[in-house]
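Numbering (this note's numbering), first residue to last: 261 to 401.
For glycine and all other residues, C-beta sits at the position ideal for the given N, C-alpha and C.
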């Protein structure tokens with residue numbers, strides 16, 4: 261029963277474009293939301309199930325309440341994932357590949373920050389210091 265419930269939740273999340281708590285997976289929806297809410301769009305290009313630095317960034321920054329609070333007030337979050345084991349639709353893979361090509365992604369994690377008009381404000385990667393250091397770097401963009 262628990263497996264069935266988990267599977268149903270995963271299907272619902274995939275169909276609504278939600279990667280995890282607060283994270284979208286549909287670029288157009290995320291960009292429109294950033295524009296409508298006058299927020300920055302943070303795109304996390306990640307290998308969520310194999311990239312050690314990506315996993316650390318998620319564990320040390322994205323999963324922390326301090327970052328979640330800042331993000332809720334200032335950001336629209338988009339996960340652009342390139343997993344090895346996690347299932348992903350062919351459509352999602354194609355969309356993620358197109359975004360990686362568009363933004364010249366050469367490694368993971370790469371964080372691209374855009375404004376609501378799709379102007380690139382800056383690029384970040386993993387950094388030590390937890391959410392405080394990461395938020396300060398975001399504020400400088």
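Residue state for residue 310 is assigned as coil, using DSSP reduced to three classes.
Under a 10 Å Cβ-count criterion, residue 309 is classified as exposed, with fewer than 16 other Cβ atoms of the shown protein chains found around its own Cβ. For the pair residue 388 and residue 312, the Cα-to-Cα distance works out to about 14 Å. Look at residue 383 here: in three-state DSSP terms it is strand. Note on residue 344: under 16 other CB atoms within 10 angstroms of its CB, so exposed under the neighbour-count rule. As summarised for the region 295-382, the continuous alpha helix (DSSP H) elements at least 4 residues long and confined to that stretch are 312-317, 325-334 and 350-362, given in chain order.
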